[in-house]
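Chemist: Supplied in C-alpha cells, the structure appears directly below.
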Amino acid sequence: MSEQDDGPEEPGPWNTTKKRGAPEIDALLRKGRERLGGLVPDGRPSMKGFVLFGAIALAAIGVWTSYYTVPSDSVAVVQRFGKYKSEVPPGLHFKVPLGIDVATLVPVKRQLKQEFGFSTPGATEPFQSPVDGRRETEMVTGDLNAALVEWVVQYRISEPLKFLFEVREPRATLRYVSESVMREVVGDRTVDEVITIGRQEIENEALLKMQALATKYAMGISIDQVQLKNINPPGPVQSSFNEVNQAQQEKERLINEARREYNKVIPLAEGEKDQRIREADGYRLKRVNEAEGDAARFTALFTEYEKAPEVTRRRIYIETLQAVLPGIGSKIIVDGPSSSILPLLNLDRQQEDRP
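The following block contains the structure:
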C-alpha cells in the first residue's frame, strides 16, 4: 500500500524534495501574517517588532506592579531600592513599579501565636508550629525532676520597622526566647508546683521576662499572653505520678469532708451555747427584777401600814379575799351568833346524790 499524499513536493535547500503542508495550515499561517502586519513580515520577526512588543510588555508589567492593596488589619512598609521610605496605612495605594518600590505587608492588628510541644492542624502562620515538639517540652524542675511542658505564646507586631529590619528572623528569635524563659521559670520551681498550684505564677513570670527580652532585642513584638497547656511527667513515671496525684486528691477530699463536718457541728454547738447563756441571763434578770419589785412593793406597803395600821390591815384582808375566793368551788358564810356549821357541810354531796 502507498502512503497518502499530503501535498505537492517542492525542492529543499539541499536539492532535496519535501512535502508542503496541507492547504488549511497554509491558510492559518497567512492569516497570522496578515494580523501581525509589519511586526512579523513574511513570518520573520524584525527589530522594530521586537522593540514594540517589549515596550508593550514593559508597560503592562509597570501598570500591573504600580498599585497594591493593604488589608484592614495590616500596614505596608515601603522600600525604595531597599531603603526604608514610609509606612502606609490600609487601603489602595500606588508605588513606583518594576521593583523600584517594594511594599511589605505587616499584620499589626492580628494576634499571632506560637505553639510549643504541639501544633494546630492546618496552621499556615510561619513559625507557629514547633519543629521538634518533643525536645521543646522536656524540662528539668528545681527539685531535679523531669516534666513535659506545653504552652502557647500570643503576641502582636507592635513596631513594623523594628520587626522587619532590627532582628533577622524575629519569629524564630521569639521561639528561642520563649523556650529559654520557660526553662528558666520552670527550673526555679518543684515539679508539684509546675503541675498543680504554680501554673498562674509561671505564666505571669514568663510573660514579664519574655516581654523584657523582646524589648531589649528591639524585636518590635508585644507579648499579650503566655498560657500553659498540658503539663505531664515523662512516660516511664506517668503511672506512678498518677497514683501520687490520686492519693493527694483523696487526702484533700478527706480534709474537705472533715472541715465540712467541723463547720457543720461546731457552729451549731456554739449557737446552742450562746442560746442557753442568753436564756440564763434572761432568767436571772427576770428573777432579780421580780425580787426587787416585790421588795419595793412590800416596803411601800409597810410604809402605808405604819401610817394607818387598821385601814391597811383591812385593805390587805379584803384584797386577799378577792384573790382567794374566786378559786373556791363552794362557799359557806356563817353568821357570828351561829353555834355550829355541821349541818351545812354536806350540802353539795347531797345535791349530787339526789336523783
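Under UniProt numbering, the residue at position 298 of the sequence shown is numbered 298, and the numbers go up by one with no gaps.
Built from N, CA and C at the ideal position, the CB exists for glycine as well.
(1) According to DSSP, which residues form a beta bridge with residue 151?
(2) Tell me which residues share the same chain as residue 97 and place their Cβ nearer than 8 angstroms to its Cβ, disregarding the 5 neighbours each side in the sequence.
(3) Using a Cβ-Cβ cutoff of less than 8 angstroms, which residues in the same chain neighbour residue 108 once the five nearest sequence positions on both sides are dropped?
(4) Between the region 123 to 132 and the region 194 to 202, do three or more beta carbon pairs fall short of 8 angstroms?
(5) May I have the straight-line CA-CA distance separating residue 260 from residue 276, to the nearest angstrom?
(6) Is it buried or exposed for residue 196, if we count other Cβ within 10 angstroms and need 16 for buried?
(7) Thinking C-beta only, is residue 220 closer than 9 angstroms to residue 162?
(8) Grab me the residues of residue 225's own chain with a C-beta within less than 6 angstroms of its C-beta, minus the 5 sequence neighbours each way, in chain order.
(9) First and last residue of the alpha helix (DSSP H) that includes residue 291?
(10) Using only the alpha-carbon positions, how far apart do residue 81 and residue 118 sit?
(11) Using 8 angstroms as the threshold, is the region 176 to 193 in touch with the region 204 to 212, meaning 3 or more CB pairs across them?
(12) Could you check the C-alpha separation between residue 315 and residue 282 for me, to the nearest Å?
(13) Of the residues 190, 296, 295, which one's Cα is nearest the Cα of residue 233?
(14) State the Cα-Cα distance for the pair residue 304 and residue 267, rounded to the nearest angstrom.
(15) Report the start-end ranges of each beta strand (DSSP E) in the region 144 to 224 that is 3 residues or longer and not cut off at the edges.
(16) Less than 9 angstroms between the beta carbons of residue 236 and residue 171, yes or no?
(17) Using 10 angstroms around the beta-carbon of residue 175, count the other beta-carbons present and answer buried if the total reaches 16, otherwise exposed.
(18) Nearest-angstrom Cα distance between residue 350 and residue 329?
(19) To the nearest angstrom, how far is it from the Cα of residue 317 to the Cα of residue 285?
(20) Taking DSSP as the reference, what is the three-state secondary structure of residue 48?
(21) For a test of the three-state rule: what should DSSP assign to residue 320, helix, strand or coil?
(22) Taking 9 angstroms as the CB-CB limit, is residue 97 close to chain C?
(23) Go to residue 80, then tell me how far its alpha helix (DSSP H) extends in each direction, as first and last residue.
(24) Evaluate residue 324 with the Cβ neighbour count: other Cβ atoms within 10 Å of its Cβ, from every protein chain shown; 16 or more gives buried, anything less gives exposed.
Modeler: Let me lay it out:
(1) The partner list for residue 151 (beta bridge, DSSP) reads 116, 228.
(2) Cβ within range, chain order: 61, 62, 63, 64, 65, 66.
(3) So the list reads 73, 74, 75, 156, 157, 158, 160, once near-sequence residues are dropped.
(4) Touching, no, given that fewer than three Cβ pairs across the two stretches are closer than 8 angstroms.
(5) Taking the straight line joining both Cα atoms gives about 25 angstroms.
(6) By the 10 Å Cβ count, residue 196 comes out exposed.
(7) Yes, these two residues count as a Cβ contact at 9 angstroms.
(8) Counting only residues of its own chain and dropping the five nearest sequence neighbours on each side, residue 225 has a CB closer than 6 angstroms to the CB of 154.
(9) 238 to 307 is the span of the alpha helix (DSSP H), which, as asked, contains residue 291.
(10) Answer to the nearest angstrom: the Cα atoms are 41 angstroms apart.
(11) Touching, yes, given that three or more Cβ pairs across the two stretches are closer than 8 angstroms.
(12) Whole-angstrom Cα-Cα distance: 35 angstroms.
(13) Checking every option, the nearest Cα to that of residue 233 belongs to 190.
(14) Between residue 304 and residue 267, the C-alpha separation is close to 55 angstroms.
(15) DSSP runs (the beta strand (DSSP E)) wholly in the region 144 to 224: 146 to 157.
(16) No Cβ-Cβ contact shorter than 9 angstroms links residue 236 with residue 171.
(17) In this structure residue 175 is buried. Its beta-carbon is surrounded by 16 or more other beta-carbon atoms within 10 angstroms.
(18) Confidence is the limiting factor: at residue 350 the pLDDT is only 49, short of 50, which leaves the residue's position unreliable and the question unanswerable from this model.
(19) The C-alpha of residue 317 lies about 31 angstroms from the C-alpha of residue 285.
(20) In the structure shown, residue 48 sits in a helix (DSSP, three-state: H, G or I).
(21) The answer is helix: DSSP assigns residue 320 an H, G or I state.
(22) Note that chain C does not occur in the displayed structure, where there is just one protein chain.
(23) For residue 80, there is no enclosing alpha helix (DSSP H); the enclosing beta strand (DSSP E) has its first and last residue at 75 to 80.
(24) It counts as exposed.
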